[in-house]
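J.: One structure coming up, written as structure tokens, with questions to follow.
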Amino acid sequence: MKKTDNCNTCQISLVEEGSVRFPCPKCGEAIGRCQACRVLGNLYECQCGFVGP
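Start counting the sequence shown at 507; every next residue gets the next number (my numbering).
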């Protein structure tokens, strides 16, 4: 898994507490989520096409 430094949804840097990085359930590519997008349930899309909340 390649490290990601930005939120996949809003592109903000993942430096704040509550940000997470995890592998895509479909392809294993790194996905980053900032705290705000996680709390709001904003959708993200991986390069492989997987979409999650």
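Idealized CB from N, CA, C, for every residue including glycine. Here the structure is a predicted model, which means the values were calculated and not measured.
Report the residue from Cys540, Pro559, Gln553, Pro529 whose alpha carbon sits nearest the alpha carbon of Gly547.
T.: Taking the first residue of the sequence shown as 1, we reach residue 547 at position 41. That would be Pro559, whose Cα lies nearest to the Cα of Gly547.
J.: Any idea if Asn512 is buried or exposed, counting beta-carbon neighbours within 10 angstroms, 16 or more meaning buried?
T.: Stepping through the sequence shown from its first residue, residue 512 is reached at position 6. It counts as exposed.
J.: With a Cβ-Cβ cutoff of 8 angstroms, do Thr515 and Ala536 count as a contact?
T.: The residue you call residue 515 lines up with position 9 of the sequence shown. The residue you call residue 536 lines up with position 30 of the sequence shown. Taking 8 angstroms as the Cβ cut-off, Thr515 and Ala536 do not qualify as a contacting pair.
J.: Measuring alpha carbon to alpha carbon, tell me which of Lys532, Gln517, Pro531, Arg544 ends up nearest Gly524.
T.: Numbered from its first residue, the sequence shown carries residue 524 at position 18. Closest by alpha carbon: Arg544.
J.: Which value, in whole angstroms, describes the spacing of the CA atoms of Arg539 and Phe556?
T.: For the purposes of this step, residue 539 is taken as residue 33 along the sequence shown, with counting starting at 1. For the purposes of this step, residue 556 is taken as residue 50 along the sequence shown, with counting starting at 1. Each residue's Cα considered, the two are about 15 angstroms apart.
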